[in-house]
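Down below is the structure, laid out as structure tokens.
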Amino acid sequence: MNNTNEPNLQSWIEVQKDSDFPIQNIPFGVIRKKNGKIRCATRIGNYTIDLFELANHGYFNDLGIEDAAFFKKRYLNNFIALGKSSNRLVRARISELFEKGNPAIRESIVEKSAILNHITDVQMMMPVRVGDYTDFYSSLEHATNIGKMFRDPEKALLPNWRHIPVGYHGRSSSIVVSGTDVHRPKGQTKKDDSATPDFGPSKLVDFELEMAFITGKSTQLGDSIPVGEAEDYIFGLVLFNDLSARDIQKWEYVPLGPFLSKNFGSVVSPWIVTLDALEPFRVSGPDQNPQVLPYLRLTGKRNFDINLDVLIEPEGKKATKVCSSNFKYMYWNMCQQLAHQTVNGCNINVGDMYGSGTISGPMPDSFGSMLELTWNGTKPIKLSDGTERKFIEDNDTVIMQGWAEKDGVRIGFGECVTKILPVK
Ligand code: CA
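Per our numbering, the sequence shown starts with residue 2, numbered consecutively.
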């Protein structure tokens with residue numbers, strides 16, 4: 002635990018009871034202000050806090066941060082690369098400055114107007130420049146559901162699944178921030194009763210409810226991260242909607258795995274919530290049986306109790322919740338994923354992103370994709386406007402929400418919002 006987690010802490014900035022951003026959160030993101038200036042920022046309640054202005058006013062002078070200029074950068078990478086101890090000092094200082102009893106900024110109209118912006122007056126930007134992107138497949142329930150649907154219900158899990166945190170290298174250029182609209186992709190698909198493929202718009206666009214972690218420390222080629230040290234390399238987490246075109250995926254994925262069905266847009270929530278902020282929400286993961294190989298073995302609470310909801314909002318209509326899952330269901334945890342990613346000597350960089358894989362829970366309403374929720378379209382979901390969905394339709398907006406809650410403190414991620422536009 003660290004002081005920033007103290008449940009009794011309150012800010013002089015107003016925080017609504019159901020806000021994802023109390024003073025205990027202090028996530029990091031990048032904002033564009035109304036005057037066009039781009040700044041690294043944090044958020045309390047409905048106000049963003051400009052980190053460049055905090056540095057400019059001397060509030061980080063004694064923290065060993067010589068150059069405030071990297072808080073003006075387009076991405077958080079340079080700030081993250083300072084290392085966990087510096088990142089922690091900055092979070093702790095923000096906590097002090099905005100604590101209810103601290104008059105320093107609270108009593109200065111000039112400083113307040115320079116530092117604070119209402120959330121509706123800024124545009125949220127992509128928080129990091131993503132170097133490499135890996136997507137795992139680490140939910141037992143998800144892998145089992147997919148195996149049941151597309152292979153053998155009796156042998157739903159492939160033999161390697163309980164031994165390897167299965168993953169693939171994805172594409173980073175199409176990872177975009179919440180609020181970015183994504184066009185329905187075109188591609189090759191093949192009907193079961195047809196010998197040759199067709200070309201056209203995907204008919205089966207889906208979301209995948211995931212979380213992604215971002216690495217905050219680099220390694221050299223040849224290095225492996227020991228599983229017990231993996232958390233030192235993890236800066237924080239975001240919500241991650243790994244949009245997928247199921248019909249394109251089904252035709253293309255043999256033998257090398259998904260390709261164009263997964264890289265037409267993956268969407269992240271804009272605020273990176275640090276592992277420090279999530280510390281109070283640690284829980285044990287599921288039992289791993291059979292025992293995993295020694296390089297993946299570790300003890301302690303390595304999963305996090307984070308509630309995850311997905312809503313679908315047809316254009317001009319009310320949103321309907323279609324899924325409630327939880328990050329704690331993950332069979333393979335982030336430490337094991339990172340240890341496995343690097344066990345062969347693969348080097349990692351600051352700002353790399355690692356998707357968890359679709360996070361499905363044990364209950365049918367906790368499945369993390371339409372593919373599973375509607376069981377490959379055989380059980381359509383009824384929305385509150387009376388229409389039905391098997392997959393995502395044009396102009397539907399997919400909204401993901403994530404939050405942890407304990408002792409009256411709610412640490413949230415905000416929303417990850419994507420509208421699916423008609424094919425371009
Ligand atoms: Ca995925």
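Using N, Cα and C, we set each Cβ at its ideal position, and we do this for glycine too.
*Using 10 angstroms around the beta-carbon of residue 253, count the other beta-carbons present and answer buried if the total reaches 16, otherwise exposed.*
Taking a 10 Å sphere around the C-beta of residue 253, we find 16 or more other C-beta atoms and assign the residue as buried.
*Which partner residues of residue 31 appear in the DSSP bridge assignment?*
For residue 31, which the question treats as bridged, DSSP gives the partners 41, 126.
*asked:* At 3 residues or longer, what runs of the beta strand (DSSP E) sit wholly inside the stretch 347-387?
replied: Unbroken beta strand (DSSP E) runs of no fewer than 3 residues, entirely contained in the stretch 347-387, are found at 354-356, following chain order.
_Closest to residue 340 by C-alpha separation, out of 308, 376, 331, 299, would be which residue?_
Nearest option by C-alpha distance: 299.
*Can you list, in chain order, the residues of its chain whose CB lies under 7 Å from that of residue 337, leaving out five sequence neighbours each side?*
The beta carbon of residue 337 is closer than 7 Å to those of 166, 228, 297 in its chain, skipping five residues each way along the sequence.
*Output yes or no for whether 8 Å exceeds the beta carbon distance between residue 405 and residue 279.*
Contact check for residue 405 against residue 279 passes: the beta carbons are separated by less than 8 Å.
*Consider the C-beta atom of residue 243 and the heavy atoms of ligand 1; say whether any pair is separated by less than 7 Å.*
A distance criterion of 7 Å places the beta-carbon of residue 243 in contact range of ligand 1, judged by its closest non-hydrogen atom.
*Drop a sphere of 10 angstroms on the beta-carbon of residue 176, count the other beta-carbons inside from all chains shown, and report buried for 16 or more, exposed for fewer.*
Burial state of residue 176 is buried, judged by a 10 Å Cβ sphere holding 16 or more other Cβ atoms.
*Three CB pairs or more closer than 8 Å across the stretch 12-28 and the stretch 39-58*: The stretch 12-28 vs the stretch 39-58: in contact.
*In chain order, which alpha helix (DSSP H) runs of at least 4 residues are fully inside the stretch 38-85?*
Positions of the alpha helix (DSSP H) runs, each at least 4 residues long and wholly inside the stretch 38-85, are given as 52-57, 78-82 in order along the chain.
*Which value, in whole angstroms, describes the spacing of the CA atoms of residue 321 and residue 374?*
C-alpha separation (whole angstroms): 14 Å.
*asked:* Using 8 Å for Cβ pairs, my map puts residue 178 next to residue 419. What's the rounded Cβ distance?
replied: Going by Cβ atoms, the distance from residue 178 to residue 419 rounds to 10 Å, so no, they are not a contact pair.
*asked:* Please identify the residue among 15, 164, 125 whose C-alpha is closest to the C-alpha of residue 295.
replied: Shortest Cα-Cα distance from residue 295 to any of 15, 164, 125 involves 164.
*Kindly confirm or deny that the stretch 349-365 and the stretch 121-133 touch, where touching means at least three C-beta pairs closer than 8 Å.*
In short, these stretches touch, since the Cβ pair count reaches three.
*Rounded to whole angstroms, how far is the Cβ of residue 1 from the Cβ of residue 65, which I believe are closer than 8 Å?*
No answer is possible for residue 1: it lies beyond the span of the chain, which begins at 2 and ends at 425.
*What did DSSP end up calling residue 337 once you bin it into helix, strand or coil?*
In the structure shown, residue 337 sits in a helix (DSSP, three-state: H, G or I).
*Look at the Cβ atom of residue 206, then the Cβ atom of residue 71, and state whether they are nearer than 8 Å.*
Result no, Cβ atoms of residue 206 and residue 71 do not sit closer than 8 Å.
*Using alpha carbons as the reference points, say which of 140, 244, 216, 149 lies closest to residue 231.*
If we check each option's Cα against that of residue 231, 216 comes out closest.
_Simplified DSSP state of residue 301, which is helix, strand or coil_ = Correct three-state label for residue 301: coil.
*Contact the stretch 287-294 vs the stretch 305-317: 3+ CB pairs below 8 Å*: Touching, no, given that fewer than three Cβ pairs across the two stretches are closer than 8 Å.
*Just to confirm, does residue 136 get its C-beta within under 7 Å of one of the non-hydrogen atoms of ligand 1?*
Flag set: Cβ of residue 136 near ligand 1.
*Of the residues 199, 92, 155, the one placed nearest residue 188, counting alpha carbons only*: The shortest C-alpha separation from residue 188 is found at 199.
_I want to check one thing, is the minimum distance from the CB of residue 406 to the heavy atoms of ligand 1 below 7 Å?_
Outside the cutoff, so no.
*asked:* Using a Cβ-based criterion (distance less than 7 Å to any ligand heavy atom), does residue 142 qualify as near ligand 1?
replied: Every heavy atom of ligand 1 is 7 Å or more from the Cβ of residue 142, so no.
*Where are the beta strand (DSSP E) runs, 3 residues long or more, that stay fully inside the stretch 264-322, in chain order?*
Correct list: 267-269, 308-314.
*asked:* Am I right that residue 235 and residue 261 are in contact with their C-beta atoms under 8 Å? What's the rounded C-beta distance?
replied: Contact flag wrong, Cβ pair sits at about 30 Å.
*Would you check if the stretch 94-111 and the stretch 10-17 touch, i.e. whether three or more CB-CB distances between them fall below 8 Å?*
Two segments are said to touch when three or more pairs of C-beta atoms, one from each, lie closer than 8 Å; by this definition the stretch 10-17 touches the stretch 94-111.
*Taking the C-alpha atoms as reference points, what is the distance between residue 111 and residue 54?*
If you take the alpha carbons of residue 111 and residue 54, they lie about 11 Å apart.
*Excluding the five sequence neighbours on either side, which residues of its own chain have a C-beta within less than 6 Å of the C-beta of residue 124, listed in chain order?*
Correct list, in chain order: 33.
_Measuring alpha carbon to alpha carbon, tell me which residue in 316, 422, 238 is nearest residue 385._
Put simply, of 316, 422, 238 the residue whose alpha carbon is nearest the alpha carbon of residue 385 is 316.
*asked:* For residue 142, count the other beta carbons within 10 Å of its own beta carbon; 16 or more makes it buried, fewer makes it exposed. Which is it?
replied: The C-beta of residue 142 has 16 or more other C-beta atoms within 10 Å across all chains shown, which makes the residue buried.
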